[in-house]
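Written out below as structure tokens is the structure these notes cover.
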Amino acid sequence: MDSIKVGLLGLGVVGGGTYKVLARNAQEIARRAGRKIEVTRVAVRDVEKARKLLGADILVGTDPHAVVRDPSIDIVVELIGGDTLARELVLEAIAQGKHVVTANKALLAKYGTEIFAAASARGVMVAFEAAVAGGIPIIKAIREGLTANRIEWVAGIINGTTNFILSEMRARGLPFATVLAEAQKLGYAEADPTFDIEGVDAAHKLTLLASLAFGIPVQFDKAYIEGISQLAAEDIKLAERLGYRIKLLGITKRRPEGIELRVHPALVPVKSLLANVEGAMNAVLVRGDAVGQTLYYGKGAGEEPTASAVVADLVDVTRLHTADPEHRVPHLAFQPDAMADTPILSIDEVVTSYYLRLTVADQPGVLADLARVLADAKISIGSMIQQPAEQGEGAELIFLTHEAIERNVNAAIVKIEALPFVRSRVTRLRMESLA
Ligand code: NDP
Ligand code: HSE
1010 MDSIKVGLLG LGVVGGGTYK VLARNAQEIA RRAGRKIEVT RVAVRDVEKA RKLLGADILV
1070 GTDPHAVVRD PSIDIVVELI GGDTLARELV LEAIAQGKHV VTANKALLAK YGTEIFAAAS
1130 ARGVMVAFEA AVAGGIPIIK AIREGLTANR IEWVAGIING TTNFILSEMR ARGLPFATVL
1190 AEAQKLGYAE ADPTFDIEGV DAAHKLTLLA SLAFGIPVQF DKAYIEGISQ LAAEDIKLAE
1250 RLGYRIKLLG ITKRRPEGIE LRVHPALVPV KSLLANVEGA MNAVLVRGDA VGQTLYYGKG
1310 AGEEPTASAV VADLVDVTRL HTADPEHRVP HLAFQPDAMA DTPILSIDEV VTSYYLRLTV
1370 ADQPGVLADL ARVLADAKIS IGSMIQQPAE QGEGAELIFL THEAIERNVN AAIVKIEALP
1430 FVRSRVTRLR MESLA
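Quick note on numbering: my numbering labels position 280 of the sequence shown as 1289, and the sequence is numbered without any gaps.
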């Protein structure tokens, strides 16, 4: 059988890794796919740099549209990133009747609905395993492996850069900026690293996971997003003392009223599986009604781990290339006409427990007044510690609450900050037991 011809858009961290893995494991991959998978054409900005990596028989140019329009290309692999040119190229490839493989979560989280609809109408596949959690086959697991289940929630560490930063800050006491620079050098960070630090990249991925888990359209604009840039080193240390670690989590949960879709730092018990996921590793926990909890763990970023997912998609597309489009696995796990319009809940509706830290004057009646404000807001205190304030006079108080509605917690914080003996803002972090 003829080889399947691949046009590669981008030869950076992931594109370069994809090319290398395809070349190194060519025979093994062909044995699995049933035919050879061959990169025949590449588009980059810097042709000279690309030439150093590529075989002499591969056509390299600077015009990605030329690759997309090349009639000899069967599969277009989009590894340029961003959501402007990438969107144009992906839609053009689909219109040309070509299958697409992409690692671009930013693109799919924003334009997934349009792109998947266009692909279904044209009878082509858009595969995106590398877009979520790098090398971990989480999309395949949810879309195919867990298909018997009513999925209850998905929670995970789905950004390698921030997990690397939090791990290094905690374990080695390194400053934020130093660790971020290291993550960039290692190829983990996005072209714009604020996407990583501010939780946007994790929210892109979580948006896709929520669609796959619950059969809802991709709705990135409804995700609640809070990153790690405002996180104080003091809270990382205090969390450790209290038996927790702070992780940037993506959580999507089915509740009777709707679906929670949120990314934020959270305290997780130090003995939990997620607390022990360190460095650029990712981990995703999925709870299904039949299977219970399952855990997926592995490298969430970097050259070859991400290439592993891209190449797996290439093999899948190659195998299904000739299959009747009606009988392929739906892009978002559910049949397009069976998607649900379950509402996404606002962050005010979220129910979880909280860590609250504040500095107060050390005087009689303070605890009683604070306990009254919390009780009036229907917030039950799980435990509390008091220690001398790190700076100046007074006492620092840390409350760990039982589960409460976020709206009530925010209202209580406003009242607490207005009390005359309160000397700081209230630091509020969410806590997740993931039980
Ligand atoms: P890089 O910046 O390393 O690579 C981008 C590539 O695209 C480069 O080869 C660049 O060419 C090429 N490129 C950019 N603009 C153009 C253009 N106008 N025309 C032609 N080529 C162009 O990015 P990554 O490999 O890190 O990321 C690629 C995608 O994969 C992104 O969507 C990212 O979110 C996603 N991803 C990345 C992961 C990672 O660990 N890095 C993990 C999972 C997903 P040149 O080299 O000549 O400048
Ligand atoms: N910037 C992303 C991360 C790359 O750090 O997880 C993988 O998607």
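We put the CB at the ideal spot given by N, CA and C, even for glycine.
By the C-beta criterion, the region 1237-1251 is judged not to be in contact with the region 1374-1388, since fewer than 3 inter-stretch pairs fall below 8 Å. Residue burial annotation: Thr1331 is exposed, with fewer than 16 other C-beta atoms found within 10 angstroms of its C-beta. Going down the chain, each residue whose beta-carbon is closer than 6 Å to a heavy atom of the ligand HSE shows up: Gly1143, Asn1168, Gly1169, Thr1170, Tyr1197, Ala1198, Glu1199, Asp1205, Asp1210, Gly1309, Ala1310.
Note on the region 1194-1232: there is no whole beta strand (DSSP E) run with a minimum of 3 residues. For Gln1395, the enclosing beta strand (DSSP E) begins and ends at 1390-1397.
The secondary-structure analysis by DSSP pairs His1330 with nothing; it has no beta-bridge partner. Looking at Lys1387, Ile1084, Val1300, the one whose alpha-carbon comes closest to that of His1411 is Lys1387. Assignment of beta-bridge partners to Asn1034 by DSSP yields no partner. Cβ contact annotation for Ala1190 (same chain, cutoff 6 Å, sequence separation greater than five): none.
Per DSSP, the unbroken beta strand (DSSP E) holding Pro1274 starts and ends at 1267-1278. DSSP places Gly1154 within a helical segment (H, G or I) once states are collapsed to three. Closest option to Arg1054, judged by alpha-carbon separation, among Glu1415, Ala1232, Tyr1363, His1074: His1074. About 5 Å separates the CB atoms of Ile1148 and Glu1138; that is less than 8 Å, so the two are in contact.
The alpha-carbon separation between His1108 and Leu1438 amounts to approximately 43 Å. Fewer than three beta-carbon pairs drawn from the region 1118-1135 and the region 1064-1081 are found closer than 8 Å, and the two stretches are therefore not classed as touching. In the three-state DSSP reduction, Ser1129 falls in the helix class (H, G or I). Between Glu1405 and Thr1368, the C-beta spacing is below 8 Å. Taking C-beta separations shorter than 6 Å and ignoring five residues to either side along the sequence, the partners of Ala1157 in its chain run Ala1299, following chain order. Close CB contacts of Pro1184 within its chain, under the 8 Å cut and outside five residues either way in sequence, are with Met1178 (chain order). Rounded to whole angstroms, Gly1391 and Asp1357 show a C-alpha spacing of 21 Å. Counting only runs of 4 or more residues that sit fully inside the region 1053-1133, the alpha helix (DSSP H) segments are 1056-1060, 1073-1078, 1094-1104, 1114-1131, in chain order. Residue side-chain check: Thr1071 places its Cβ nearer than 7 Å to a non-hydrogen atom of the ligand NDP. Burial check for Met1290: the Cβ neighbour count within 10 Å reaches 16 or more, so the residue is buried.
The shortest CA-to-CA distance from Leu1354 to any of Lys1061, Ala1150, Arg1263 is the one to Arg1263. Taking 7 Å as the cut-off, the C-beta of Lys1119 does not count as close to any heavy atom of the ligand NDP. According to the DSSP assignment, Met1178 belongs to the alpha helix (DSSP H) that extends over 1169-1181. Following the DSSP letters along the chain, one finds Ala1404 inside the beta strand (DSSP E) bounded by residues 1404-1410. Here Glu1087 is buried. Its C-beta has 16 or more other C-beta atoms within 10 Å.
CA-to-CA, the gap between Pro1373 and Leu1282 works out to about 41 Å.
With 16 or more other Cβ atoms inside 10 Å of its own Cβ, Ser1176 counts as buried.
Of the candidates His1336, Pro1274, Asp1350, Pro1274 places its Cα closest to the Cα of Tyr1364. Where Ile1356 is concerned, there is no enclosing beta strand (DSSP E), because DSSP gives it neither an H nor an E. One alpha carbon belongs to Gly1091, the other to Asn1113, and they sit about 7 Å apart.
Excluding the 5 residues flanking it on each side, Val1023 has same chain C-beta neighbours closer than 8 Å at Leu1088, Ala1112, Ala1139, Glu1312, Thr1315, Ala1316, Val1319, in chain order. For Gln1239, no pairing in a beta bridge is given by DSSP. Close CB contacts of Ala1219 within its chain, under the 6 Å cut and outside five residues either way in sequence, are with Thr1261, Leu1270 (chain order).
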